[in-house]
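Residue numbers (the UniProt record's numbering): 1 to 91.
Glycine included, every Cβ here is placed at the ideal spot set by N, Cα and C.
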């Protein structure tokens, strides 16, 4: 029996018409600004709802996603939020 090929790695894509970049005056649907360049993004992938807590950086008047953040399913997100003191969230 031949070895199983390695599983493909999933990389969350924030690509939109503007490659994930947006201006604060035109925040995309399902992106919620929490303050201090942090956003909560809700999307669906393979039939599953995902919640992303992500930091963005400013690049020449545009907001660009960074690698700093987490992606969770709704139940895990709720458990995470319930376990954290509110002062740890940027909103």
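Collapsed DSSP secondary structure at residue i in the structure displayed
i, result
"residue 65", "strand"
"residue 73", "coil"
"residue 34", "strand"
"residue 21", "coil"
"residue 60", "coil"
Cβ-based burial, residue i [other Cβ within 10 Å; buried from 16]
i, result
"residue 32", "exposed"
"residue 74", "exposed"
"residue 51", "buried"
"residue 41", "buried"
"residue 45", "exposed"
"residue 16", "With a pLDDT of 46 at residue 16, under the threshold of 50, the modelled position of this residue cannot be trusted, and the question is left open."
Strand pairing of residue i, partner residues [DSSP]
i, result
"residue 51", "42, 72"
Contact belief for residue i with residue j at Cβ below 8 Å, rounded distance in angstroms
i, j, result
"residue 54", "residue 64", "Not quite, the Cβ-Cβ distance comes to about 11 Å (not below 8 Å), so this is no contact."
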